[in-house]
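Everything on this sheet refers to the single structure shown next.
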Amino acid sequence: MKNSMKILVMGSGGREHAIAWRLAACESVETIYAAPGNPGIARVAECLSPGGSTPDHYLNLATELGVDLTVVGPEAPLVAGVVDAFRARGLRIVGPTRAAAQLEGSKVFAKQFMARAGIPTARSVTVDNVEDARKQLGAFGYPVVLKADGLAAGKGVIIAQSKAEAEQALGGLLSGTLVGTAGSRVVIEEFLAGEEVSFISLCDGKNAVALLPTQDHKAVFDGDRGPNTGGMGAYCDSRILDETMTWRIMDTVVQPTVNCMAAEGAPFTGFLYAGLMMTADGPKVLEFNVRLGDPETQPIMLRMQGDFAAVLAGEAAPAWTSDPSVCVVLAAAGYPGKPRAGDVISGIEEAEAGGATVFQAGTRMGTSGLETSGGRVLGVTAPGATLQQAIAKAYAAVGHIHFEGAHYRNDIGAKGLKRWAD
Ligand code: AMP
Ligand code: GLY
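Residue 299 in numbering that gives the first Met the number 0 sits at position 300 of the sequence shown, with consecutive numbering throughout.
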């Protein structure tokens, strides 16, 4: 690997800000570009418009800039085949091909794949019409989980508490009123109880190396109440999984996935995110994502040491600080419904003065300075000698930030504190 890398980061969220921020600290990196980026990313990278969202738009940009390596943040370009397009032109890119991205792009594909590969997951059936769906529902208890097959921006999973609720949701999904064509096939799945863990590995088609485990907070309100979001915060603490459990997950989930994808002619390269439920029967896969998580990446990047660019190039293993880290997401008024844009943001500098890092997601520059432009606006991220200290530092930083309508959870990391009482 040369020592003056030009790297392109695709995307515009908090995850991409954290990636670019970490790359900016790498000796081997000379220039970071982001497409399209955001005002926070612009602090560490040159932000450019790709001029469109197809693989060719990004390919043309990367070629023009002469980048050495491209990292893809979100799933949509991966599912659209951006990795295939880059590789066909001999460009290096971190991510799965279109065929391998089906693990996230189609829940039906993922469930059938897990059955073939013997990967532990919830019992399920797939349906494509209401009549069959009603019949199949009889084989499940309540609550029951209904999942739209296709990408639905986090809105495709419904946990129904009763038969009436399930039938109504199935009708909405299958008819297209809830999530459009993404719901033309639906997975009906048994409800699993337990704690969730986000387990992300970097894969090269044959081998996988795990990043640190994190726990996301999907529900919008404290105590895991209210509708699901993309994630209201996450913490990264090595105690989330002990070594035995980490190896069990590598042996029963990650490596079998990599092996079976390769055997089926779609080797998995890039970040494989296994959303796990830690059940009484062991870890089971709730979902695969084919990218880094958001907001999980923010606390993970805070703990990464060494040269991330070398890790991405497959030339070094990731190294970590031992201190836990916490990311609290500040969301805009209205989120997870339609978020309000245009609220002026203040206090980021003050928040960072105390040692937190504020990753930007839904922000833009307006006439009065930085303002909101999306649902999840900021990810206030801090390390601490203990989880408790990291939480205290993150919330102290949150206290400095203001925008009209801002809301956040007050209990990010609380489950960890309770588990370990530290
Ligand atoms: P998914 O997009 O499949 O990860 O689903 C979104 C969220 O729904 C997950 O993070 C879980 O909180 C919940 N969920 C999904 N599948 C199940 C399941 N089988 N049992 C319980 N909760 C689930
Ligand atoms: N935080 C969940 C995700 O990235 O899918």
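Note that the Cβ used here is the ideal one computed from N, Cα and C, for glycine as well.
Ends of the beta strand (DSSP E) at residue i?
i: MET364; result: 362-365
i: MET9; result: 4-10
i: LYS283; result: 281-288
i: PHE220; result: 218-220
i: LEU90; result: That residue, LEU90, is in no beta strand (DSSP E); it is neither H nor E in DSSP.
i: PRO119; result: Premise fails: PRO119 is in no beta strand (DSSP E) and is neither H nor E.
i: MET231; result: From DSSP, MET231 is part of no beta strand (DSSP E); its letter is neither H nor E.
Compute the minimum distance between the beta carbon of residue i and the heavy atoms of the ligand AMP, and state whether it is under 8 Å.
i: ASP215; result: yes
i: VAL144; result: yes
i: LYS106; result: yes
i: LEU191; result: yes
i: ILE248; result: no
i: GLU164; result: no
i: VAL156; result: yes
i: MET276; result: yes
i: GLU286; result: yes
i: ALA159; result: no
Can you list, in chain order, the residues of its chain whose CB lies under 6 Å from that of residue i, leaving out five sequence neighbours each side?
i: ALA422; result: Limits of the chain in this structure are 0 at one end and 421 at the other, which puts residue 422 out of reach.
i: ARG290; result: GLU74 and PHE270
i: THR356; result: THR380
i: LEU285; result: GLY274 and MET276
i: THR30; result: LYS5
i: HIS16; result: GLY39, ILE40, PHE358 and GLN359
Which residues in the same chain as residue i place their Cβ atom closer than 8 Å to its Cβ, once the five residues preceding and following it in sequence are excluded?
i: VAL185; result: THR125, VAL126, ASP127, ALA132, LEU145, LYS146, ALA147, ASP148, LEU169, LEU172 and LEU173
i: GLY230; result: ASP215, HIS216, LYS217, GLY292, ASP293, PRO294, GLU295, VAL328 and ARG375
i: GLY225; result: ALA218 and VAL219
i: SER367; result: VAL343
i: ASP422; result: The first residue shown for the chain is 0 and the last is 421, placing residue 422 beyond what the model contains.
i: VAL252; result: ILE118, PRO119, PHE198, ALA273, LEU275, PRO282 and VAL284
For the ligand GLY, is there any heavy atom lying closer than 8 Å to the beta carbon of residue i?
i: SER505; result: Shown here, the chain extends from 0 to 421; a query on residue 505 therefore has no answer.
i: GLU295; result: yes
i: TYR272; result: yes
i: GLY230; result: yes
i: ASN409; result: no
i: ALA233; result: yes
i: GLY10; result: no
i: GLY153; result: yes
From what residue to what residue does the alpha helix (DSSP H) around residue i run?
i: GLY170; result: 162-174
i: LEU211; result: That residue, LEU211, is in no alpha helix (DSSP H); it is neither H nor E in DSSP.
i: CYS25; result: Where CYS25 is concerned, there is no enclosing alpha helix (DSSP H), given that its DSSP letter is neither H nor E.
i: THR245; result: 242-248
i: VAL257; result: 254-262
CB-CB under 7 Å to residue i, same chain, minus the five flanking residues each way: which ones, in chain order?
i: ALA98; result: ALA265
Contact between the stretch 399-419 and the stretch 213-224: three or more CB pairs below 8 Å?
-> yes
Does the stretch 332-346 come close enough to the stretch 306-313 that 3 or more CB-CB pairs lie under 8 Å?
-> no
contact_flag[the stretch 150-161, the stretch 232-245] where n(CB pairs < 8 Å) is 3 or more = no
Any chance the stretch 63-75 sits against the stretch 395-411, with 3 or more Cβ pairs inside 8 Å?
-> no
Count the CB pairs spanning the stretch 246-262 and the stretch 112-125 that are closer than 8 Å, and state whether there are at least three.
-> yes
Counting Cβ pairs, one atom from each stretch, are 3 or more of them under 8 Å apart for the stretch 382-391 and the stretch 52-72?
-> no
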